[in-house]
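Residue numbers (our numbering), protein chains in the order written: chain G, 104 to 508; chain F, 104 to 508.
From the three backbone atoms N, C-alpha and C, an ideal C-beta is built for every residue, glycine too.
This one's a predicted model, so the numbers in the text were calculated from it and none came from an experiment.
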């Protein structure tokens, strides 16, 4: 039988132990909390101190590269697909101090994603957009984040996607400044293309081949440059037998290097476009096997199957006609369309004419090393000897399906 | 005065509270612990399941890109400099499943580094190598890590650095397979160059310009290609007035995009070199303003100031002479050295002859868009009108200083 004194002693012991336990718990929570946040910064400063996360970006002004770096805080960018390219794209924009990011992805993080940058093993099982927001907010709490954990290609979600890119800008009610396509499939690219044509929304496409050793980025200005329905999407060939890429049910290869390079050239193009410096690329390919980086531009196709693309082309023509003509040279430039060119593609390539002539000769005429990515969309994949003419048909089918949604 | 019953009740209450507190603490510790580790994996598997972190890498075999991907686990790579390029380089190699990484850096993480990938705000104040190891081990516990928190250019550390790259391979006692230079200064590059010439160690150089919009990677094979003392280091010019870059005390600009691209093309070159696929680049530049990616090769300079470089050149010549001559064409190729070329540089460029002729004309003759990075090393920076001749002198001085160490 315990005495009162013994019990009092026990109470004191327990009270002390409890205080210690709670103190430790607080410290752990504090540490977790500290990991989560640095204080927000109201105004970007160019001050050269170790504690300023923006000093090396504001230095771009002093170096004469960018006139008004702070303007980056006024822009909203939507990233569709937060995988190997999209997650790194979002991280780069976050670290650059973009105003707002809207992320779309329906997928979950898996250990099988760990061969690419950004996600970590402890995030396996979380939705990609949630995991990404958590990490990105820790990295830069000055950025606004909006996440949508759904597939944009279903009817209901597509309507919501259109609504958010139309009104989800930093000042609610304004459209986003740019949409970036970082998806890995044809349907999602077509959905973004359909939305952007209807809205007249400028966007950039990106892609990495299934053999992991080539990729590309592409700037699409509705009415001005080829949309995704004007011409089949392009890839940089890597001297690989195409047949090895097309086998169904085969797990695609991927590398953090190729995806990091594609995200890097994509966000570089975004920065050049938004902050107005350097030359914005219309198309930049990356062939990792030969370290070959082709560039070119493709004009919109007047026979494009997308009605809104054709409408945008008319509006672009009107605007161009209204513009005071200063240089005659520019008018001539618009005539450079290949005569036997079903796709109405105009090439303004960095590579030489000899190289162009040696190009692999399929329609559309493409610079050496670039081929169409999807000659045969998924289900029609069984028949041999497909031509690009047949592909045109398939594109129509797919777009009809898209509109039915 | 409390009764025995009251005290007993209090003891029970406190005991319950303490249990709850300890349970919560355990859960928090478990969560922290879970964040730290996924179980190690003995053997890389190609099985296509969500839980396999190597499935997308092993798919490179099925895609016909790499013959023996598992071989990556046998290699050791040393990364010198764990900043904007080095940290991403280490992360890519970690995610690719490299056998062992040895990291060298003397610096601490600062908030001012947050405009580049990899480090996070809560790591500010930690040493870069410690913070990097912590994150990388979480990402892939199968990789062996060895970190050194010191400046390799001091005499004592240089000796230790030489020792570790000579004997720090995965099988202790063997040399590393490759050294990657991801440093941001001339002295550190010269130290790596000196070590590699003496050891006959193959290495790769990387660099990003102070205006953040150009960069390069370079493969250096002692005796075969130009070492860092054979010719001044090169950069890709970005149409920027060089004078804006050279002002002293000015905080350099940096971008996550440019550094991500440079790390990507560096590790891609490492993978191609180690796993024997594609074409390994001797020099690959990146001009972000124009999306221009020049490639070329520079042969070793017989008049190089580095004694060990000249010895390696002799050994390379002997080896080449002993090799059975199958192709006569190759012999001729070795004669392509410019006659008025003080640096003995041989260009094998991907760009056209016209472009080559239009090159900016300084010695050494370089393809358009590439210039020497350091025409005037730091302290001689005051006098105007320096020529490359004077630079040669400065290089000698610097190397003499280096040898004194």
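Item                                                                                                                                                                                     : Value
Which residues in chain A sit within 8 Å of residue 314 (chain F), going by Cβ to Cβ distance?                                                                                           : Checking the listed chains, one finds no chain A in this structure; the protein chains it contains are G and F.
What number of angstroms, rounded off, separates the C-alpha of residue 422 (chain G) from the C-alpha of residue 297 (chain G)?                                                         : 22 Å
Relative to the alpha-carbon of residue 239 (chain F), which residue among G:222, G:203, G:417 has its alpha-carbon at the smallest distance?                                            : G:222
Tell me which residues share the same chain as residue 162 (chain G) and place their Cβ nearer than 6 Å to its Cβ, disregarding the 5 neighbours each side in the sequence.              : none
Excluding the five sequence neighbours on either side, which residues of its own chain have a C-beta within less than 7 Å of the C-beta of residue 433 (chain G), listed in chain order? : In this predicted model, residue 433 (chain G) has a pLDDT of only 43, less than 50, meaning its place in the structure is not dependable; the value taken from the coordinates is given anyway. Within the same chain, residue 433 (chain G) has no close Cβ partners at all.
Does the ligand ZN have a heavy atom nearer than 7 Å to the CB of residue 142 (chain G)?                                                                                                 : With respect to small molecules bound, the structure shown includes none, and the ligand ZN cannot be examined in it.
Could you tell me if residue 218 (chain G) is buried or exposed, where buried requires 16 or more neighbouring beta carbons within 10 angstroms of its beta carbon?                      : buried
Sort F:157, F:228, F:255, F:382 by Cα distance to residue 214 (chain F) and report the nearest one.                                                                                      : F:228
In three-state DSSP terms, what is residue 55 (chain G)?                                                                                                                                 : Here chain G covers residues 104 to 508 and nothing more, so residue 55 (chain G) does not appear.
Would you mind listing the alpha helix (DSSP H) stretches within the stretch 377-439 of chain F that are 4+ residues and don't spill past its ends, in chain order?                      : 410-425, 431-436
Report the residue from G:207, G:225, G:116, G:191 whose alpha carbon sits nearest the alpha carbon of residue 294 (chain G).                                                            : G:207
Just the Cα atoms here: how many angstroms apart are residue 326 (chain F) and residue 412 (chain F)?                                                                                    : 6 Å
Output, in chain order, the set of chain F residues within a Cβ distance shorter than 8 Å of residue 155 (chain G).                                                                      : 214, 215
Counting only the same chain and skipping the five closest in sequence on each side, list residues whose C-beta sits under 6 Å from that of residue 197 (chain G).                       : 239, 242, 243, 246
Cβ of residue 293 (chain F) less than 8 Å from any chain G Cβ?                                                                                                                           : no
Quick one: list the residues of chain F neighbouring residue 242 (chain G), beta-carbon separation under 8 Å, in chain order.                                                            : 217, 223, 224
Quick check on DSSP: helix, strand or coil for residue 203 (chain G)?                                                                                                                    : strand
With respect to the alpha helix (DSSP H) encompassing residue 291 (chain F), which residues constitute its N-terminal and C-terminal limits?                                             : 289-302
Reducing DSSP to helix, strand and coil, say where residue 189 (chain G) ends up.                                                                                                        : helix
What number of angstroms, rounded off, separates the C-alpha of residue 127 (chain G) from the C-alpha of residue 126 (chain F)?                                                         : 13 Å
Roughly how many whole angstroms lie between the Cα atoms of residue 457 (chain G) and residue 424 (chain G)?                                                                            : Confidence at residue 457 (chain G) is low in this model, with a pLDDT of 41, below 50, so the placement of that residue is unreliable and no value is reported for it.
Please confirm if residue 256 (chain G) has its CB atom under 8 Å from at least one CB of chain F.                                                                                       : no
State whether the stretch 278-295 of chain F contacts the stretch 168-183 of chain F, with contact taken as three or more CB pairs (one from each stretch) at a distance under 8 Å.      : yes
Which of helix, strand or coil does DSSP assign to residue 166 (chain G)?                                                                                                                : coil
Can you give me the start and stop residues for the beta strand (DSSP E) that residue 282 (chain F) sits inside?                                                                         : 281-284
Just the chain G side, please: which residues come within less than 7 Å of residue 391 (chain F) by C-beta, in chain order?                                                              : 371, 381
Whose Cβ in chain G lies nearer than 8 Å to the Cβ of residue 125 (chain F)?                                                                                                             : 124
In the structure shown, what three-state DSSP assignment does residue 178 (chain G) receive?                                                                                             : coil
What are the boundary residues of the alpha helix (DSSP H) that includes residue 264 (chain F)?                                                                                          : 258-270
Would you mind giving the Cβ-Cβ distance between residue 390 (chain G) and residue 284 (chain G), rounded to the nearest angstrom? I have them listed as a contact below 8 Å.            : That belief does not hold up - the Cβ atoms of residue 390 (chain G) and residue 284 (chain G) are roughly 20 Å apart, past 8 Å.
Do three or more CB pairs link the stretch 260-269 of chain F to the stretch 379-395 of chain F at distances below 8 Å?                                                                  : no
Please identify the residue among G:205, G:212, G:232, G:258 whose C-alpha is closest to the C-alpha of residue 224 (chain G).                                                           : G:212
What is the DSSP secondary structure of residue 371 (chain F), counted as helix, strand or coil?                                                                                         : helix
Taking all protein chains shown into account, decide if residue 399 (chain G) is buried (16 or more other Cβ within 10 angstroms of its Cβ) or exposed.                                  : buried
Along chain F, in chain order, which residues have C-beta atoms closer than 8 Å to that of residue 321 (chain G)?                                                                        : Near residue 321 (chain G) there are no residues of chain F at all, since even the closest Cβ is about 12 Å away, more than 8 Å.
If we call anything under 8 Å between Cβ atoms a contact, is residue 328 (chain G) one with residue 392 (chain G)?                                                                       : no
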